[in-house]
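To keep things clear, I will list the structure first and then write my remarks on it.
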Amino acid sequence: MTYVVTENCIACKYTDCVEVCPVDCFYEGENTLVIHPDECIDCGVCEPECPADAIRPDTEPDMEKWVEFNRKYSEMWPVIISKKDPMPDADERDGEEGKMEKYFSEAPGEGG
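Be aware that the sequence shown starts at 1, since it is given in UniProt numbering, and climbs by one per residue.
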């Protein structure tokens with residue numbers, strides 16, 4: 001099992017989760033985070049820290065696409081280990097439908 005970041009992180013990018021990760025397996029895009037599924041040790045400490053409930057175990061239904069999404073971008077983006085401010089409209093975007101099509105950017109974040 002591994003944990004993955006799902007669509008609700010897009011355009012929110014709360015980083016509470018990165019501070020508690022013992023193996024630094026979060027990677028930062030311009031407007032979302034991902035978890036490297038091969039680096040995640042399945043400890044689960046990140047899941048309850050996410051204010052947007054965007055971190056899920058890969059054992060839930062239909063998570064295969066998110067495992068691959070997280071794998072792809074974790075190999076392209078820089079690691080993030082420090083908490084940063086969320087996106088400016090994070091509270092308004094939390095729970096919004098269709099965020100992948102509306103907001104997702106493949107651009108890397110700054111990391112750090």
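Note that the Cβ used here is the ideal one computed from N, Cα and C, for glycine as well.
All values derive from a computational prediction rather than experimental measurement.
Which residues bound the alpha helix (DSSP H) around residue 113?
Residue 113 is absent from the structure shown; the chain starts at 1 and stops at 112.
Need the endpoints of the alpha helix (DSSP H) that Y103 sits in, please.
In the sequence shown, residue 103 corresponds to position 103, counting from 1. Unbroken alpha helix (DSSP H) run through Y103: K99 to Y103.
Where the alpha helix (DSSP H) through E92 begins and ends:
One-based indexing of the sequence shown puts residue 92 at position 92. Start and end: A90 to R93.
So, helix, strand or coil for E28, using DSSP?
As a working note, residue 28 is residue 28 in the sequence shown. The answer is strand: DSSP assigns E28 an E or B state.
For a minimum of 4 consecutive residues, which ranges assigned as the alpha helix (DSSP H) are wholly contained in the UniProt domain "4Fe-4S ferredoxin-type" (31-60)?
none
Going by other Cβ atoms of all chains shown within 10 Å of its Cβ, with 16 needed for buried, is residue 198 buried or exposed?
In the structure as shown, the chain starts at 1 and stops at 112, and residue 198 therefore has no counterpart that could be examined.
Considering only C-alpha positions, which residue in the set T32, W66 and P48 is nearest to K102?
For the purposes of this step, residue 102 is taken as the residue at position 102 of the sequence shown. Out of T32, W66 and P48, T32 has the C-alpha closest to the C-alpha of K102.
Environment of T59 [buried if 16+ CB atoms lie within 10 Å]:
Counted from its first residue, the sequence shown places residue 59 at position 59. Under this definition T59 is an exposed residue.
Which of the three DSSP states is assigned to V23 in this structure?
Residue 23 sits at position 23 when you count from the first residue of the sequence shown. Residue state, collapsed to three classes: coil.
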